[in-house]
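Engineer: Going by our numbering, the residue at position 125 of the sequence shown is 125; the numbering climbs one at a time, nothing skipped.
Here a beta-carbon is modelled for each residue, glycine too, at the ideal position from N, C-alpha and C.
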Amino acid sequence: MMYAIPSQNLHVGNHFSRSPQIVIMDDRQQVRHIIPWNESKSPCNKKKQWMAIIGTYNVKAVVVRNIGKKMLEHLFHKEIKVFGSPAKALITELDLKNLPEVRDTEYGRESRNKHRCGSKSGQTSAHSTSSTLFSAEPHKLGIIRRVCR
1 MMYAIPSQNL
11 HVGNHFSRSP
21 QIVIMDDRQQ
31 VRHIIPWNES
41 KSPCNKKKQW
51 MAIIGTYNVK
61 AVVVRNIGKK
71 MLEHLFHKEI
81 KVFGSPAKAL
91 ITELDLKNLP
101 EVRDTEYGRE
111 SRNKHRCGSK
121 SGQTSAHSTS
131 STLFSAEPHK
141 LGIIRRVCR
């Protein structure tokens, strides 16, 4: 079985989608690949990248320390096994057969960002919130007299 493990300096990363690398390891604890993370500010892109890696490397399980509920639900939906890791664990010293299996979304953390990938309702970015500048009537904004540099 192939495992995907979020990594920082060959230690299990503190957060599933914020680690700088992903280690692909087999069940004999042989490191097969170390994949540098393509940095993205969008949480949706990170989920897509993770799902692409899981599919490409035929991953059947992930090892995590912290993970969001939505991502955990997504992994469960794809029938990917999820295992919890102790803090600051060195990946090459993990006992994969004795890690506790995560079976409930309660293990995951609630997202601070309430935006849902693929939906336009619920967006909380600056582009979707109305500001005084864009909602005011043009004649009530006043005149810009001088722009300082």
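Between the C-alpha atoms of Q123 and K46, what's the straight-line distance to the nearest angstrom?
Structural biologist: As a working note, residue 123 is residue 123 in the sequence shown. As a working note, residue 46 is residue 46 in the sequence shown. Reliability fails at Q123, whose pLDDT of 44 lies under 50, so the model's placement of it is uncertain and the value that follows must be treated cautiously. Roughly 17 Å separates the two Cα atoms.
Engineer: Where I22 and A4 are concerned, what is the direct C-alpha to C-alpha distance, given to the nearest angstrom?
Structural biologist: Your numbering for residue 22 matches position 22 in the sequence shown. Your numbering for residue 4 matches position 4 in the sequence shown. If you take the alpha carbons of I22 and A4, they lie about 6 Å apart.
Engineer: Could you name the residues of the same chain whose beta carbon sits closer than 8 Å to that of H20, not counting the 5 residues immediately before and after it, in chain order?
Structural biologist: Here residue 20 refers to the residue found at position 20 when the sequence shown is read from its first residue. Residue 20 is actually Pro in this sequence, not His. Hits under 8 Å: S7, Q8, G13, P36 and W37.
Engineer: Going by the beta-carbon positions, is the gap between K101 and V82 smaller than 9 Å?
Structural biologist: Here the question's residue 101 lines up with position 101 in the sequence shown. Here the question's residue 82 lines up with position 82 in the sequence shown. According to the sequence shown, residue 101 is Glu rather than Lys. Yes; because the gap between Cβ atoms is below 9 Å, this pair is in contact.
Engineer: Which residue spans inside the segment 27-61 form an unbroken alpha helix (DSSP H) run of at least 4?
Structural biologist: Counting only runs of 4 or more, we get 43-56.
Engineer: Using a threshold of 9 Å, state whether the C-beta atoms of M25 and L96 are closer than that.
Structural biologist: Translated into the one-based positions of the sequence shown, residue 25 becomes position 25. Translated into the one-based positions of the sequence shown, residue 96 becomes position 96. For M25 and L96, yes; Cβs fall inside 9 Å.
Engineer: Do you know how far the Cα of K88 is from the Cα of H11?
Structural biologist: Stepping through the sequence shown from its first residue, residue 11 is reached at position 11. Stepping through the sequence shown from its first residue, residue 88 is reached at position 88. Rounded to the nearest angstrom, the two C-alpha atoms are 6 Å apart.
Engineer: Hey, how far is the Cα of R32 from the Cα of L72?
Structural biologist: As a position in the sequence shown, residue 32 is number 32, starting the count at 1. As a position in the sequence shown, residue 72 is number 72, starting the count at 1. Spanning the two alpha carbons is a distance of roughly 24 Å.
Engineer: M2 by DSSP, collapsed to three states: which one?
Structural biologist: Position 2 of the sequence shown, counting from 1, holds the residue named residue 2. Three-state DSSP puts M2 in a strand.
Engineer: Going by Cα to Cα distance, which pick from L94, E106 and D104 is closest to D27?
Structural biologist: Taking the sequence shown and counting its residues from 1, the one referred to as residue 27 is at position 27. Nearest of L94, E106 and D104 to D27, Cα basis: L94.
Engineer: What residues match up with H11 in a beta bridge as DSSP calls it?
Structural biologist: Reading the sequence shown from its first residue, position 11 is the one you call residue 11. BP columns for H11 point to Q8 and L90.
Engineer: Compute the Euclidean distance between the alpha carbons of E79 and L90, then round it to the nearest angstrom.
Structural biologist: For the purposes of this step, residue 79 is identified with residue 79 of the sequence shown, where counting begins at 1. For the purposes of this step, residue 90 is identified with residue 90 of the sequence shown, where counting begins at 1. Rounded to the nearest angstrom, the two C-alpha atoms are 26 Å apart.
Engineer: Measuring CA to CA, which of K70, N98 and N58 is closest to Y107?
Structural biologist: Position 107 of the sequence shown holds residue 107. Checking every option, the nearest Cα to that of Y107 belongs to K70.
Engineer: Write down the C-beta distance between N66 and F16 rounded to the nearest angstrom, noting that I regard them as a contact closer than 8 Å.
Structural biologist: Within the sequence shown, numbered from 1, the residue matching residue 66 stands at position 66. Within the sequence shown, numbered from 1, the residue matching residue 16 stands at position 16. Rounded, the Cβ-Cβ distance is 7 Å, consistent with contact.
Engineer: In terms of residues, what are the limits of the beta strand (DSSP E) holding K81?
Structural biologist: Taking the sequence shown and counting its residues from 1, one reaches residue 81 at position 81. Residues K81 to G84.
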